[in-house]
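Structure first, then comments.
Protein chains in written order, with the numbering used here: chain W, 1 to 229; chain S, 230 to 493.
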């Protein structure tokens, strides 16, 4: 059976030393989340990047800036999502110069959709695009694997999200303030990290408002909830 | 203004010793005989008006359009070679659709104008293309923006204007337009003003009969570029004709034919 074979899935199994597959594709098991509030958005993610069962990076930053007030939360293949985020950041840069004003979050989300949808057979990228713009305030858009684009009051993604659908649906209320949103995000991601093997490490959060981006960090031993401490 | 090219005017890829590209200047000449187009950017929108000479009585009404809609909120009025301008309009429509597809919002007027200016300019760079023999006025009123008016001439230069004229009599029309206070001017006033100027500058003895085509993009039209309502246009034409008749009468009555008539 594959799992019991010390050579793992390596095709040259009998020639190489046993151990984890260090050259395999890096995945971000992940739990990512974003919530909109009146003055902006709160986004959050765990920090585990894994290659199979090996944790390649236990302190990764999955919250990536694509413009001054627009960020994306990345889940899926680490390489694919980095490449997509770079592309969108490039297009947004040129676009904001052409229109001579900060881009709309809707525009950034649309660009994510275009790249993911048009390359759906080659990519494994599931992204939450969230930010603030002067016209529509805080907004959260989700672009899952197939390249759909949908705006939501809050969004959760990644493998860990499946364990917290019930929790987020029960906890979410319309019209939450920034502090409530922060608590909502950190609690939910915490629960997901405690159940999902592919999520873990620390919680990184960012709060995006018209005044800027404030980064927050919750170390692994200070998580709001961790089962069986 | 016209100097003989003496050999430097045979190709658009040749500069003259004094730094001119004659082919582009000659292209601009093609517009000077064409019907006047006027655009005015007002407080609450933009208005375009074109003097369309009636080339033949057989042509069906409305089939010789000189103003086109691009992407709902923009209008392009042309003077010069109509066929050349059609290319610009088609490109404008592609740009607007493309922009919406990439950026999920309506193309701002300034962006559309700059893209089309780049397009027109392209045709002044290559030996195997000739420049466009037309100039266009682009009126825009996008939902998240302000009213804008841009002009592009055959060299590919693009500027934003309070008011712009292309075609014949443009110098005279410009001096008429300079009297306007744009900070308070409304679209309804602009419709009358454009009609008045076109009728005033039209010389019955020299120029052919014409019809007036007018469009606007304003608060009243919900920022969409469309034909000015028929009653407004009719009343503006009537006002212009009456005013012209009155001025002619006044100048006939005066002993001094050169005295400028009183204008409102």
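Virtual Cβ for every residue (Gly too), placed ideally from N, Cα, C.
Since the structure is predicted, the reported quantities are computational estimates derived from the model, not experimental observations.
Beta carbon of residue i nearer than 9 Å to that of residue j
| i | j | result |
| --- | --- | --- |
| residue 116 of chain W | residue 147 of chain W | yes |
| residue 140 of chain W | residue 149 of chain W | no |
| residue 123 of chain W | residue 76 of chain W | yes |
| residue 257 of chain S | residue 359 of chain S | no |
| residue 46 of chain W | residue 213 of chain W | no |
| residue 48 of chain W | residue 199 of chain W | yes |
| residue 305 of chain S | residue 401 of chain S | no |
| residue 241 of chain S | residue 354 of chain S | yes |
| residue 73 of chain W | residue 128 of chain W | yes |
| residue 210 of chain W | residue 103 of chain W | no |
| residue 273 of chain S | residue 455 of chain S | no |
| residue 411 of chain S | residue 270 of chain S | yes |
| residue 293 of chain S | residue 311 of chain S | yes |
| residue 276 of chain S | residue 457 of chain S | yes |
For residue j and residue i, the rounded distance between their alpha carbons
| i | j | result |
| --- | --- | --- |
| residue 389 of chain S | residue 364 of chain S | 14 Å |
| residue 396 of chain S | residue 282 of chain S | 12 Å |
| residue 82 of chain W | residue 61 of chain W | 11 Å |
| residue 480 of chain S | residue 404 of chain S | 20 Å |
| residue 324 of chain S | residue 409 of chain S | 33 Å |
| residue 466 of chain S | residue 380 of chain S | 25 Å |
| residue 63 of chain W | residue 185 of chain W | 14 Å |
| residue 175 of chain S | residue 444 of chain S | Outside the displayed range of chain S (230 to 493) lies residue 175 of chain S, so it cannot be described from this structure. |
| residue 474 of chain S | residue 356 of chain S | 50 Å |
| residue 36 of chain W | residue 30 of chain W | 20 Å |
| residue 387 of chain S | residue 253 of chain S | 15 Å |
| residue 152 of chain W | residue 179 of chain W | 19 Å |
| residue 338 of chain S | residue 328 of chain S | 12 Å |
| residue 477 of chain S | residue 362 of chain S | 35 Å |
| residue 342 of chain S | residue 92 of chain W | 20 Å |
| residue 297 of chain S | residue 130 of chain W | 38 Å |
| residue 334 of chain S | residue 136 of chain W | 13 Å |
| residue 321 of chain S | residue 392 of chain S | 21 Å |
| residue 421 of chain S | residue 413 of chain S | 15 Å |
| residue 177 of chain W | residue 55 of chain W | 35 Å |
| residue 291 of chain S | residue 349 of chain S | 27 Å |
| residue 3 of chain W | residue 51 of chain W | Note that residue 3 of chain W scores a pLDDT of 49, beneath 50, so its modelled location is shaky; the value from the coordinates is reported in the next line. Distance between the alpha carbons of residue 3 of chain W and residue 51 of chain W: 15 Å. |
| residue 168 of chain W | residue 319 of chain S | 49 Å |
| residue 121 of chain W | residue 158 of chain W | 19 Å |
| residue 300 of chain S | residue 208 of chain W | 33 Å |
| residue 70 of chain W | residue 203 of chain W | 19 Å |
| residue 230 of chain S | residue 483 of chain S | In this prediction, residue 230 of chain S has a pLDDT of 45, which is less than 50 and means its spatial position is unreliable; nothing more can be read from the coordinates. |
| residue 460 of chain S | residue 156 of chain W | 56 Å |
| residue 94 of chain W | residue 433 of chain S | 52 Å |
| residue 438 of chain S | residue 382 of chain S | 26 Å |
| residue 226 of chain S | residue 406 of chain S | Since the first residue of chain S shown is 230 and the last is 493, residue 226 of chain S is not available in this structure. |
| residue 101 of chain W | residue 173 of chain W | 33 Å |
Cβ separation of residue i and residue j, assumed to be a contact under 8 Å, to the nearest whole Å
| i | j | result |
| --- | --- | --- |
| residue 278 of chain S | residue 427 of chain S | 6 Å |
| residue 453 of chain S | residue 302 of chain S | 6 Å |
| residue 295 of chain S | residue 442 of chain S | 6 Å |
| residue 331 of chain S | residue 114 of chain W | 7 Å |
| residue 190 of chain W | residue 223 of chain W | 4 Å |
| residue 417 of chain S | residue 469 of chain S | Not confirmed; about 14 Å, so no contact. |
| residue 431 of chain S | residue 280 of chain S | 7 Å |
| residue 44 of chain W | residue 226 of chain W | That belief does not hold up - the Cβ atoms of residue 44 of chain W and residue 226 of chain W are roughly 16 Å apart, past 8 Å. |
| residue 66 of chain W | residue 108 of chain W | 6 Å |
| residue 346 of chain S | residue 385 of chain S | 5 Å |
Amino acids of chain S, ordered along the chain, whose beta-carbon sits closer than 9 Å to that of residue i
| i | result |
| --- | --- |
| residue 95 of chain W | 331, 332 |
| residue 110 of chain W | 330, 331, 332, 333, 334 |
CB contact below 9 Å: residue i versus chain A
| i | result |
| --- | --- |
| residue 335 of chain S | Going by chain labels, chain A is absent from the structure shown, which instead holds the protein chains W and S. |
Contacts of residue i in chain S (Cβ-Cβ under 8 Å)
| i | result |
| --- | --- |
| residue 148 of chain W | Neighbours of residue 148 of chain W on chain S: none; closest Cβ ~14 Å, over 8 Å. |
Partners in chain S for residue i, counting only beta-carbon separations shorter than 7 Å
| i | result |
| --- | --- |
| residue 99 of chain W | 337, 340 |
| residue 107 of chain W | 332, 333, 334 |
| residue 104 of chain W | 334 |
| residue 114 of chain W | 331 |
Proximal residues of chain W, C-beta to C-beta of residue i below 8 Å
| i | result |
| --- | --- |
| residue 373 of chain S | 135 |
Residue i CB to nearest heavy atom of the ligand ATP below 8 Å
| i | result |
| --- | --- |
| residue 282 of chain S | No copy of the ligand ATP appears in this structure; indeed no ligand is present at all. |
With three or more beta-carbon pairs closer than 8 Å as the criterion, would you say the region 157-170 of chain W touches the region 190-197 of chain W? Taking a cut-off of 8 Å on C-beta distances, the region 157-170 of chain W touches the region 190-197 of chain W, as three or more cross pairs fall below it.
Answer yes if the region 84-93 of chain W comes into contact with the region 28-43 of chain W, meaning at least three C-beta pairs across the two stretches below 8 Å, and no otherwise. Counting C-beta pairs with one atom in each stretch, the region 28-43 of chain W and the region 84-93 of chain W have fewer than three that are closer than 8 Å, which means they do not touch.
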